[in-house]
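What the sequence shown shows, in full-length UniProt numbering, is residues 1 to 191, in sequence order.
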Amino acid sequence: MPEFAAQPVPPMRIAFDAAAATLSPEGPTLTRRMSDLEGLFADHDAWRDAAEGENPVVYSVVSSPVPEEDRELPQSITTIQPGTTGGEFWMTKGHQHPNHQGEIYLGLHGAGGLLMFDGERTEWIDMAPGVIGYIPPGWAHRSVNVGDEPYSFLAVYPGGAGHDYGWVLEHGMGHRVIAGDSGFSLTDYTR
Ligand code: PAN
Ligand code: ZN
Numbered sequence: 001m002p003e004f005a006a007q008p009v010p011p012m013r014i015a016f017d018a019a020a021a022t023l024s025p026e027g028p029t030l031t032r033r034m035s036d037l038e039g040l041f042a043d044h045d046a047w048r049d050a051a052e053g054e055n056p057v058v059y060s061v062v063s064s065p066v067p068e069e070d071r072e073l074p075q076s077i078t079t080i081q082p083g084t085t086g087g088e089f090w091m092t093k094g095h096q097h098p099n100h101q102g103e104i105y106l107g108l109h110g111a112g113g114l115l116m117f118d119g120e121r122t123e124w125i126d127m128a129p130g131v132i133g134y135i136p137p138g139w140a141h142r143s144v145n146v147g148d149e150p151y152s153f154l155a156v157y158p159g160g161a162g163h164d165y166g167w168v169l170e171h172g173m174g175h176r177v178i179a180g181d182s183g184f185s186l187t188d189y190t191r
């Protein structure tokens with residue numbers, strides 16, 4: 001069975017701590033600060049002030065050691081800190097998978113949302129612990145923390161899907177998620 005034995009990682013046990021939002025053993029960890037989010041918030045001046053000031057960590061992504069390679073199924077936990085910039089809730093950059101494939105998110109902690117955009121239609125899923133958000137192939141996706149504590153979720157996705165961040169810079173995400181008197185509201189992207 002040589003064609004079945006050529007994978008880069010062996011079968012493995014991965015400890016998943018939903019409360020602590022950790023995976024063990026751990027693979028690469030990504031930290032996104034405000035300065036990494038240029039061009040994403042509607043209020044560019046507010047973004048620059050924050051990026052040139054305290055430059056806070058907006059979100060981090062911890063992964064298991066499963067590689068982003070074709071046919072593998074990597075997992076990661078994203079934790080988005082609570083906050084707003086120019087009235088817009090803190091969020092991930094958002095991306096398309098250029099090799100169109102589906103992905104699942106599982107809410108672990110806090111209150112968030114999964115914003116999806118296919119270039120014409122916008123979809124929003126309220127995310128909370130125990131909720132699975134399904135991202136079909138071809139839908140760009142961004143996560144947003146709409147609460148006042150960290151929002152964490154597990155993502156499982158095909159390792160060969162790729163990540164295209166330029167698509168969101170070019171096409172937007174359809175809507176923005178704005179803080180209001182009673183929680184959040186979705187407004188047009190070009191507000
Ligand atoms: C997630 C995201 C993660 C960070 O694991 O990569 O939440 O968001 P950005 O990649 O948009 O910065 C995922 O959707 N992977 O495919
Ligand atoms: Zn994705």
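Beta carbons are placed, not taken as given, at the ideal position from N, Cα and C, and that holds for glycine.
Predicted model, so just to flag it, every value in this text is computed and none were measured.
- With contacts defined as CB atoms closer than 8 Å, Leu108 and Ile132 fail to qualify as a contacting pair.
- The shortest CA-to-CA distance from Asp118 to any of His44, Arg32, Glu170, Met34 is the one to Glu170.
- In the DSSP assignment, Asp118 falls outside any alpha helix (DSSP H) and carries neither an H nor an E.
- In the structure shown, Gly183 adopts extended strand secondary structure according to DSSP, grouped into three states.
- Residues Gly107 of the same chain have their beta carbon placed closer than 7 Å to that of Gly130, with the five preceding and five following residues left out of the count.
- Remark: the shortest separation between the CB of Ser35 and any heavy atom of the ligand PAN does not fall under 7 Å.
- Per DSSP, Trp124 lies in no alpha helix (DSSP H) segment; the continuous beta strand (DSSP E) that holds it begins and ends at 122-127.
- Around the beta carbon of His44, fewer than 16 other beta carbons sit within 10 angstroms, so the residue counts as exposed.
- Contact annotation: Ala155 and Thr78 have beta-carbon atoms nearer than 8 Å.
- With 6 Å as the limit, the residues whose C-beta approaches any heavy atom of the ligand ZN more closely are His95, His97, Glu103, His141, Tyr157, in sequence along the chain.
- Boundaries of the alpha helix (DSSP H) harbouring Leu169: 166-171, taken from the DSSP string.
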